[in-house]
Amino acid sequence: MAASDASPYRAPIGTHDVLPPDSERWAAVVGRFAERAARFGYGLVITPIFEHAEVFERIGDSTDVVRKEMYDFVDRGDRRLALRPEGTAPVVRAYVQHRPTPPWKTWYVAPNFRYERPQKGRYRQHWQLGAEVLGVDDPDVDVEVIALAHGFYADLGLRQVRLLVNSMGTPEDRAEYVEVLQRYLLDHAEGLDPEFRQRAEEHPLRVLDAKQEAWQDVIERAPQLTEHLSADSRVHFERVQEGLEALGIEHELAPRLVRGFDYYTSTTFEFASDALDAAQNAIGGGGRYDRLAEEMGGPATPGIGFGMGIERILIVCDAEGVSVGTDAPALDAFIIDNTGGEAATRLVAQLRDAGLRADRSYGGRSVKAQWKEADRSGAAYGVMIGPDELARGQVGVKDLRGAHGDKEQAEVVLEQVAAWLLQRAEERAR
Numbered sequence: 026m027a028a029s030d031a032s033p034y035r036a037p038i039g040t041h042d043v044l045p046p047d048s049e050r051w052a053a054v055v056g057r058f059a060e061r062a063a064r065f066g067y068g069l070v071i072t073p074i075f076e077h078a079e080v081f082e083r084i085g086d087s088t089d090v091v092r093k094e095m096y097d098f099v100d101r102g103d104r105r106l107a108l109r110p111e112g113t114a115p116v117v118r119a120y121v122q123h124r125p126t127p128p129w130k131t132w133y134v135a136p137n138f139r140y141e142r143p144q145k146g147r148y149r150q151h152w153q154l155g156a157e158v159l160g161v162d163d164p165d166v167d168v169e170v171i172a173l174a175h176g177f178y179a180d181l182g183l184r185q186v187r188l189l190v191n192s193m194g195t196p197e198d199r200a201e202y203v204e205v206l207q208r209y210l211l212d213h214a215e216g217l218d219p220e221f222r223q224r225a226e227e228h229p230l231r232v233l234d235a236k237q238e239a240w241q242d243v244i245e246r247a248p249q250l251t252e253h254l255s256a257d258s259r260v261h262f263e264r265v266q267e268g269l270e271a272l273g274i275e276h277e278l279a280p281r282l283v284r285g286f287d288y289y290t291s292t293t294f295e296f297a298s299d300a301l302d303a304a305q306n307a308i309g310g311g312g313r314y315d316r317l318a319e320e321m322g323g324p325a326t327p328g329i330g331f332g333m334g335i336e337r338i339l340i341v342c343d344a345e346g347v348s349v350g351t352d353a354p355a356l357d358a359f360i361i362d363n364t365g366g367e368a369a370t371r372l373v374a375q376l377r378d379a380g381l382r383a384d385r386s387y388g389g390r391s392v393k394a395q396w397k398e399a400d401r402s403g404a405a406y407g408v409m410i411g412p413d414e415l416a417r418g419q420v421g422v423k424d425l426r427g428a429h430g431d432k433e434q435a436e437v438v439l440e441q442v443a444a445w446l447l448q449r450a451e452e453r454a455r
């Protein structure tokens, strides 16, 4: 057992705790995504953290996620289950089970689990945001879904994000292409390592998104899937590109973009950050999966969606110097009480009931210690309750962040403290 695994009272390898103030950034990211999804008419869907393993095997038996990374187990009822490794399959399973009226537009935030080598931005438990639309086979829906994700990055203030698009065609288109691609790859396998030949034989498409430097020349010269699209697939893809152009969404054709799961059909897309190293610059993506619901025993139902990892979003924000969820004070007010604590208990309750974020010190600490605690809390204002102030029906209020230049303590009527603080909070928000 590695030293880092020695204590059971540490987060397991590949996982991490999210503590304040970093959790405020997470909440801000999720909040902005939820607000944008609501503007598009998408409702929140919550699915179990584990499913029957067969749900995820639809991802593709040859994918690393299913073969090597999935956390699966047999429970006491002899059922084979798996922790969720990705977000789309559970949403489709829920659609097949509950049969909501299409179009069904949903978004989610959920942890995913994959047994992979931990590295920066990649964890064995990571959190994902995503959106899915089921029940509509219309290129305009593809454009809408891409626009939802594209605009979210813009809402965060990210400016170095590129959109890559491709088409996987129909399963029939892809089968024809895979034959051509496999023949090409095997013809050019000489001089390359055994893994190249193994991938070319077992899953040729997985070669196209490989990062091995020695393979890149062969990959660059490989035949392209777009050369094997049917007429209908070609028209669909052209309409998606026209829709993106109509919205002013810049995009690049990426003929070797195949994504990682077997269920993708037709439109596929990926967002890449130029602020990250090229080998690890993918920060989100998705595509169509028009056969997945049918493969799960449901009616033929087209679908499209995307996913993006919260951890990677925050890494990109840091790389671009974008501040997320860190400007607002943690609290509107922190109460310092030198009268025994009863007055602080009443006042903090009143402030919270008024919609303000408020806290107080406990344990009968000295006034000096309480002011230090107020400073550490990140509160906008310290509210002092002393015997003299209380006798006058007043409190002393001090600006702890210098937002209004109030260097001296102001006297505020006790009954008006909530209104006074609310007014200042509104001024900060402008």
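Just so we're on the same page, the working numbering is the position in the sequence shown counted from 1, plus 25.
Glycine included, each C-beta is placed from N, C-alpha and C at the ideal position.
Remember, predicted model here, so these are calculated numbers, not experimental data.
query	result
What does the alpha-carbon distance come out to for the pair G322 and T113?	16 Å
If you compare alpha carbons, which of G403, P110, E451, F65 is closest to E141?	P110
Cβ of H76 within 8 Å of Cβ of R104?	Sequence inspection shows Glu at residue 76; the His mentioned does not correspond to that position. Contact: no.
How about L189 and E277: do their beta carbons lie closer than 8 Å?	yes
When DSSP labels each residue in this structure, what does Y387 get in the three-state scheme?	coil
Out of curiosity, what's the CA-to-CA distance linking A174 and A300?	18 Å
Which first and last residues belong to the alpha helix (DSSP H) in which H261 is found?	256-271
In this structure, does DSSP put F58 in helix, strand or coil?	helix
For P507, count neighbouring Cβ atoms within 10 angstroms of its own Cβ and tell me buried if that reaches 16, exposed if not.	The first residue shown for the chain is 26 and the last is 455, placing residue 507 beyond what the model contains.
Can you tell me whether DSSP reads P229 as helix, strand or coil?	coil
Span of the alpha helix (DSSP H) holding Y202?	196-212
Given a threshold of 16 other Cβ atoms within 10 Å of its Cβ, counted over all protein chains shown, does R35 qualify as buried or as exposed?	exposed
Determine the closest residue to R401 out of A78, S386, A214, with distance taken between C-alpha atoms.	S386
Less than 8 Å between the beta carbons of Q150 and T40, yes or no?	yes
Mind checking which residues open and close the alpha helix (DSSP H) that includes P412?	412-416
Between the C-alpha atoms of V70 and D362, what's the straight-line distance to the nearest angstrom?	45 Å
By a C-beta neighbour count over all protein chains shown, 10 Å radius and 16 as the cutoff for buried, is R139 buried or exposed?	buried
Starting from Y133, follow the beta strand (DSSP E) in both directions and report where the run begins and ends.	129-138
Can you tell me which of the three DSSP states K423 falls into?	strand
Within 10 Å of its beta-carbon, does D165 have 16 or more other beta-carbons around it, so buried, or fewer, so exposed?	exposed
Whole beta strand (DSSP E) runs in the region 61-87 with 3 or more residues, listed along the chain?	75-77
Name the residue from G388, D357, Q395, T293 whose alpha carbon lies nearest to the alpha carbon of G457.	Given a span of 26 to 455 for the chain in the structure shown, any question on residue 457 remains unanswerable.
Does the region 196-203 come close enough to the region 358-377 that 3 or more CB-CB pairs lie under 8 Å?	no
Does the Cβ-Cβ distance between P280 and L250 come in under 8 Å?	yes
Go to A358, then tell me how far its beta strand (DSSP E) extends in each direction, as first and last residue.	356-362
By DSSP, does S32 sit in helix, in strand, or in coil?	coil
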